[in-house]
Amino acid sequence: MITIAVDCMGGDHGPRVTLAACRSFLENHPEARLLLVGPAEPLSGFAHDRARVVAASEVVGMDDPIEMALRRKKDSSMRVAIEQVKGGEAQAAVSAGNTGALMAIARYVLKTVEGIDRPAIATQLPNASGGATTVLDLGANVDCTAEHLLQFAVMGSALVSVLRDEANPTVGLLNIGEEVIKGNEVIKKASELLRSAANSGDLNFYGNVEGNDIFKGTTDIVVCDGFVGNVALKTSEGLASMIGGFLKEEFSRNIFTKISAICALPVLLAFKRRVDHRRYNGAALLGLRGLVFKSHGSADELAFEQALNRAYDAARNQLLERVQARIVHAAPLLAGVAVAE
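Reading the sequence shown from the start, the letters are residues 81 to 421 in this note's numbering.
Laid out in C-alpha cells, this is it:
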C-alpha cells in the first residue's frame, strides 16, 4: 500500500475539487490509501475504507506571506500533510496551496538532502514528439548560481530515470543560443560544470538548448532558473486555453467556418488534449528528504487527480531513494562546487 497525505484545503477551490479527485483516485488505485488533511467539518462527508481524516485547524491562504505560513500557522493542513511524510505515516504529500509557503514549510520540516543547497520544482511540459520534457526549476529559486543549476540537473536526471525508466536521460541547459559562447556568466559557468559532470559519468549533458527545444523534445530534461522556468510553464498553460478559445470562436461564426471547424475537429481536439496542462499537473519538489508534489492552484478535479497519480508513481517507484542514490554518486563533483547559502 502506498499512502499519500493530501492537503485538502489548498488551492483556489479547496475540498470541492480535492475530495472529488481523491475519490476518483482511490477508485483507480486499489493499492493506495489517502490521509485527508484539514478541518473535520469540510471533510466529514467523505467516507472510504482506504481514507481517513487527519485533523488540522488552520489553512494557508493563497496570498498568505511565507512568514505567516511557516511561523504562525503551525497546525495548517499544508504543514500537517508534510509532517505525515516526516513521521512515516505517508510516503508522499500533495498540495495545491501557496507555492512559496509549500516550499518553505517542506524545506523546514523535511530538510534537504545532503549535497543539495536548494530544492527545485520540476514538472513535465508536452512536446512535439508526443512525450514530455521535464523542466526545472519552475519558480522555487528565482536567482540561481551555476552550482544550483548543476544540482538541478542531477536531481532532474534522477526524476526522469524513475518516471521513464531511462538510465541516462539527456540534459539541456536553457540559453539564448546553442553556441558555447552564448549566455551570461552564470550560464557559461553552469555549462562548464555540466560538461565536467558528463565527463565523470554523472550526467548525459547534451549542451545548450533554446526555448523552442522544450516543446520540440530535443532533450529529456531542460535546466533553468526559476524565473525563466515559471514563464515557460505559464506560456505552456496559456497555449491550451488559446486553442480552446479558438475552437469556441470558430463554432460560433457563420456556416462556412462551422463546416471547416467540424472537418478539422478531430485533429484540433487531439492537439488540444496533447497540450492540455491538466494532464501534466503535479510538480515534484526535488532535493528534500521526503516526497512532496505541488498541484496547480487552479486545478480542477482532473488536474488534481493527475497530481495524486504522480505522487503515487513516485512513491511506488522509489523516487526518493533513487534521487538520493544519484546525488551520492555525484557527491565528489557536488562537493567540489559546494554553494555557501
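Each residue gets a CB set at the ideal place from its N, CA and C atoms; glycine is no exception. Please read these numbers as outputs of a predicted model, since none were measured by experiment.
Counterpart residues of residue i in DSSP-defined beta bridges
i	result
residue 215	203 and 302
residue 168	Residue 168 pairs with nothing; no bridge assigned.
residue 192	368
residue 87	117
residue 82	112
residue 363	374
Backbone CA spacing between residue i and residue j [nearest angstrom]
i	j	result
residue 375	residue 273	31 Å
residue 93	residue 129	25 Å
residue 473	residue 276	As shown, the chain starts at 81 and ends at 421. That puts residue 473 outside it, with no answer to give.
residue 81	residue 264	48 Å
residue 218	residue 259	24 Å
residue 297	residue 228	23 Å
residue 163	residue 140	15 Å
residue 378	residue 176	8 Å
residue 165	residue 132	15 Å
residue 241	residue 120	39 Å
residue 112	residue 172	11 Å
residue 91	residue 116	15 Å
residue 235	residue 285	13 Å
residue 410	residue 282	6 Å
residue 289	residue 193	28 Å
residue 269	residue 307	18 Å
residue 195	residue 368	11 Å
residue 145	residue 280	42 Å
residue 406	residue 226	19 Å
Candidates the options, of which the one nearest residue i by Cα
i	options	result
residue 161	149, 174, 205 and 202	174
residue 401	380, 366, 384 and 155	366
residue 230	200, 246 and 247	200
residue 312	195, 213 and 144	213
residue 254	233, 248, 244 and 238	233
Exposure of residue i, with buried meaning 16 or more beta-carbon neighbours within 10 Å
i	result
residue 223	exposed
Below-7 Å beta-carbon distance, residue i vs any chain C residue
i	result
residue 139	The structure shown contains no chain C, having only a single protein chain.
Handout entry: Complete beta strand (DSSP E) runs within the segment 372 to 409 (minimum length 3 residues, chain order)
Key = Whole beta strand (DSSP E) segments, 3+ residues: zero.
Exercise for the section: Only counting runs of 3 or more residues, tell me where the beta strand (DSSP E) segments fall wholly within the segment 245 to 297, in order along the chain. Expected result: Listed in chain order, the complete beta strand (DSSP E) runs (minimum 3 residues) inside the segment 245 to 297 are 250 to 254 and 284 to 289.
Problem - Complete beta strand (DSSP E) runs within the segment 110 to 179 (minimum length 3 residues, chain order) - result: Listed in chain order, the beta strand (DSSP E) elements of length 3 or more contained wholly in the segment 110 to 179 are 112 to 118, 131 to 135 and 172 to 175.
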